[in-house]
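Counting the sequence shown from 1 gives a position; the working numbering is that position plus 7.
The structure appears below as C-alpha cells.
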Amino acid sequence: MKLSRTARIVLGCVTAAGLAVVYAPLLLVLLNSFNADRSFGWPPSGLTGEWWRAALHNHGARDALLTSLKAGLAATGIALGLGTMAAYAVHRHRFFGRRTVSFLLVLPIALPGIVSGIALNAAFRTVLDPLGIGFGLFTVVVGHATFCVVVVFNNVAARLRRISPSMAEASADLGARPWQTFRHVTFPAMRSALFAGALLAFALSFDEIVVTTFTAGPGTRTLPIWIYENLARPHQAPVVNVVAALLVALSVVPVAVAQRLSSDTAGGRL
Numbered sequence: 008m009k010l011s012r013t014a015r016i017v018l019g020c021v022t023a024a025g026l027a028v029v030y031a032p033l034l035l036v037l038l039n040s041f042n043a044d045r046s047f048g049w050p051p052s053g054l055t056g057e058w059w060r061a062a063l064h065n066h067g068a069r070d071a072l073l074t075s076l077k078a079g080l081a082a083t084g085i086a087l088g089l090g091t092m093a094a095y096a097v098h099r100h101r102f103f104g105r106r107t108v109s110f111l112l113v114l115p116i117a118l119p120g121i122v123s124g125i126a127l128n129a130a131f132r133t134v135l136d137p138l139g140i141g142f143g144l145f146t147v148v149v150g151h152a153t154f155c156v157v158v159v160f161n162n163v164a165a166r167l168r169r170i171s172p173s174m175a176e177a178s179a180d181l182g183a184r185p186w187q188t189f190r191h192v193t194f195p196a197m198r199s200a201l202f203a204g205a206l207l208a209f210a211l212s213f214d215e216i217v218v219t220t221f222t223a224g225p226g227t228r229t230l231p232i233w234i235y236e237n238l239a240r241p242h243q244a245p246v247v248n249v250v251a252a253l254l255v256a257l258s259v260v261p262v263a264v265a266q267r268l269s270s271d272t273a274g275g276r277l
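Right, here's the structure in full:
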C-alpha cells in the first residue's frame with residue numbers, strides 16, 4: 008500500500024508522539040540520576056556521579072538486587088522445564104482436552120496481576136502454612152514461575168509450529184529413538200527459542216512488583232519492591248533514580264536479545 012506524503016507525515020508525527028510518551032519519562036529518570044540537585048529542580052543545576060556511588064554502596068539496594076537475581080533465575084529455570092514440556096506435549100501429541108490445556112497455560116499472563124497475587128497469597132496460606140512454610144523467596148519464585156511459564160510456552164510453541172514434522176519422521180525412519188530425535192533434531196532447531204523465552208521470562212520476573220507484593224515475606228525485598236518502599240523518602244530519592252535507571256538498562260538487554268532471536272526465521276541456531 009502506497010501512502011501519500013501527507014499521510015506519511017501524519018503517521019510519522021503520531022508515531023513520534025507515542026514513542027515520546029513512552030520513552031521521555033525513562034530518559035528523565037536517567038537524567039535525574041546525574042542531577043546534582045537533590046530535589047530534582049529543572050533544569051538541572053549540574054551533573055554529578057555522587058548518586059551512582061551512593062547506590063553502589065547502598066546495602067539495601069544490593070541485597071534487593073541479589074534477591075531479584077535469585078528469584079528471576081529460579082523462576083526462569085522452572086519456566087524453562089515446565090513450559091518446554093507443555094509446548095512439546097500440546098504441539099506434538101493429540102489428546103483429549105489439548106486445546107483446554109493450551110488455554111489454561113496461557114491464561115495466567117492475561118489475568119490482572121493483583122488477581123493472581125491475591126489468589127496465590129490465599130493458596131499459600133491454605134497449603135503452605137499447615138506445613139510450616141512461610142512467605143519468602145520460595146513463594147516469590149513459585150509466584151513468578153506461574154506467569155514465566157507462559158512466555159517460554161509461547162516461544163517454544165511458535166518455534167515447534169515452524170519445524171516440519173517430516174524432520175522427526177525422517178529421524179525415526181533412520182532408526183532413532185524418540186529421545187535421540189529430540190536431542191539431535193528437535194532441540195537444536197528450537198534452541199534459540201528456548202534462549203529467547205528464558206531471557207523474556209527473566210526480564211518479566213525481574214521487573215515484577217504486584218505479584219511479589221502478595222507473595223513475599225516481611226524480610227524478602229526484590230529490587231522493584233525496594234524502589235517502591237524508598238520512593239517517598241526524600242534522602243533516598245536520588246539513589247532510587249539511579250537504581251531505576253539501572254533497572255531499565257538491565258531490562259532492555261534481555262528483551263532486545265530475545266526479540267532478535269525470536270525473529271530468527273531460520274529456526275534455529277544460537
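We treat Cβ as the ideally placed atom computed from N, Cα and C, and that holds for glycine.
Values in this document were obtained by computation on a predicted structure and should not be read as measured data.
For residue j and residue i, believed in contact at Cβ under 8 Å, the rounded distance
i: residue 229; j: residue 219; result: 5 Å
i: residue 224; j: residue 150; result: So it is not a contact: roughly 12 Å between Cβ atoms.
i: residue 257; j: residue 202; result: The Cβ separation is near 17 Å, so there is no contact.
i: residue 86; j: residue 155; result: 4 Å
i: residue 186; j: residue 68; result: Going by Cβ atoms, the distance from residue 186 to residue 68 rounds to 45 Å, so no, they are not a contact pair.
i: residue 36; j: residue 252; result: 6 Å
i: residue 181; j: residue 264; result: Contact flag wrong, Cβ pair sits at about 35 Å.
i: residue 144; j: residue 77; result: 6 Å
Residue environment, residue i, which counts as buried when at least 16 other CB atoms sit within 10 Å
i: residue 176; result: exposed
i: residue 166; result: buried
i: residue 124; result: buried
i: residue 50; result: exposed
i: residue 231; result: buried
i: residue 22; result: exposed
i: residue 83; result: buried
i: residue 111; result: exposed
Delimiting residues of the alpha helix (DSSP H) encompassing residue i
i: residue 15; result: 12-39
i: residue 77; result: 66-99
i: residue 234; result: 230-237
i: residue 106; result: 105-117
i: residue 185; result: 185-188
i: residue 154; result: 144-169
i: residue 128; result: 120-134
i: residue 59; result: 57-63
i: residue 43; result: Here residue 43 belongs to no alpha helix (DSSP H), and DSSP marks it neither H nor E.
i: residue 215; result: Element bounds for residue 215: n/a, residue is neither H nor E.
i: residue 175; result: 172-180
CB of residue i within 7 Å of CB of residue j, strictly
i: residue 79; j: residue 209; result: yes
i: residue 159; j: residue 90; result: yes
i: residue 41; j: residue 54; result: yes
i: residue 33; j: residue 255; result: yes
i: residue 119; j: residue 153; result: no
i: residue 162; j: residue 204; result: yes
i: residue 157; j: residue 97; result: no
i: residue 200; j: residue 94; result: no
i: residue 217; j: residue 65; result: no
i: residue 52; j: residue 43; result: yes
i: residue 178; j: residue 188; result: yes
Rounded separation between residue i and residue j - CA only
i: residue 168; j: residue 11; result: 38 Å
i: residue 75; j: residue 235; result: 14 Å
i: residue 107; j: residue 81; result: 27 Å
i: residue 71; j: residue 239; result: 17 Å
i: residue 279; j: residue 171; result: Missing from the structure shown is residue 279; the chain here goes from 8 to 277 and no further.
i: residue 262; j: residue 183; result: 36 Å
i: residue 45; j: residue 259; result: 27 Å
i: residue 134; j: residue 101; result: 33 Å
i: residue 272; j: residue 117; result: Residue confidence is low: residue 272 scores 44 on pLDDT, short of 50, so the model does not pin down where it sits. No coordinate-derived value is stated.
i: residue 105; j: residue 197; result: 21 Å
i: residue 266; j: residue 211; result: 14 Å
i: residue 56; j: residue 73; result: 23 Å
i: residue 191; j: residue 13; result: 54 Å
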